[in-house]
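Chemist:
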Amino acid sequence: MSGQEKKRKKNKKEELTKEIVVDSIVEIRDPINPLSPAKAAFYSAVLPGLGQAYNKKYWKIPLVYTAIGTGVYFYITNNNEYNRYRDAFKSRLAGFTNDEFYFDSQGNQLTIPRITDDGLLRAQRTFRRNKELSLLVTIGMYALNIIDANVDAHLLQYNVDENLSLAPHYNINQIDATGNVGLTLNFKF
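Using our numbering, the letters of the sequence shown map in sequence onto residues 1 to 189.
1. On the three-state DSSP scale, how would you describe residue 170?
2. Using a threshold of 8 Å, state whether the C-beta atoms of residue 85 and residue 120 are closer than that.
3. Going by Cα to Cα distance, which pick from 100, 91, 77, 80 is closest to residue 114?
4. When we look at the beta-carbon of residue 98 and count the other beta-carbons within 10 Å, is it buried (16 or more) or exposed?
5. Which of the three DSSP states is assigned to residue 233 in this structure?
6. Thinking C-beta only, is residue 145 closer than 8 Å to residue 64?
7. From the DSSP output, read off the bridge partner residues of residue 165.
8. Note down the Cα distance separating residue 58 from residue 49, rounded to an integer number of angstroms.
9. Pick helix, strand or coil for residue 42, following the three-state DSSP scheme.
10. May I ask you to list the residues that DSSP assigns as paired with residue 179?
11. In three-state terms, what does DSSP make of residue 193?
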């Protein structure tokens with residue numbers, strides 16, 4: 001076989017291949033980037049909401065900041081209340097009677113405090129527990145932000161088309177007028 005014959009045979013193969021591609025249905029998809037989920041998770045770990053922006057799910061960003069901001073707000077509020085009651089308790093242990101619970105709403109000093117020493121201890125325990133729970137919730141929301149970005153990036157690469165579908169159906173039986181409920185699995189080649 002000469003070089004020209006080999007070249008003609010090769011050209012025929014290329015033409016045939018092109019014809020098959022033209023006649024068949026070709027879907028053009030973006031190539032799968034296996035590092036995309038890791039990159040989205042990293043971005044969300046660096047700055048909450050950045051992974052959602054990377055995945056182009058912009059509507060999730062306010063949800064992320066609301067969730068984390070709520071946890072931070074309750075942490076700060078409980079920390080301030082804890083410090084308030086702790087300072088009053090320390091002041092009483094030192095023998096002072098000038099903490100805020102020795103005064104009424106008009107600023108007049110009372111002989112008996114509005115809250116006892118045991119009440120101050122209970123309040124400290126309650127606000128410390130609430131403060132720690134708020135911190136755990138905030139950390140949980142931060143971790144959920146990272147997990148959401150990672151899972152969403154995985155699902156963006158998942159092939160969803162009409163060739164495979166699972167749909168519920170409801171049919172009425174014509175003979176006895178009862179309802180039949182089921183699932184239909186459709187697979188097209």
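Ideal placement from N, C-alpha and C gives every residue a C-beta, glycine not left out.
Modeler: The short version:
1. strand
2. Against a cut-off of 8 Å, the Cβ pair of residue 120 and residue 85 comes out as a contact.
3. 100
4. exposed
5. What is shown of the chain runs 1 to 189, which leaves residue 233 out entirely.
6. yes
7. DSSP output for residue 165 lists 186 as bridge partner(s).
8. 8 Å
9. Three-state DSSP puts residue 42 in a helix.
10. 172
11. This structure cannot settle anything about residue 193, because the visible part of the chain is limited to 1 through 189.
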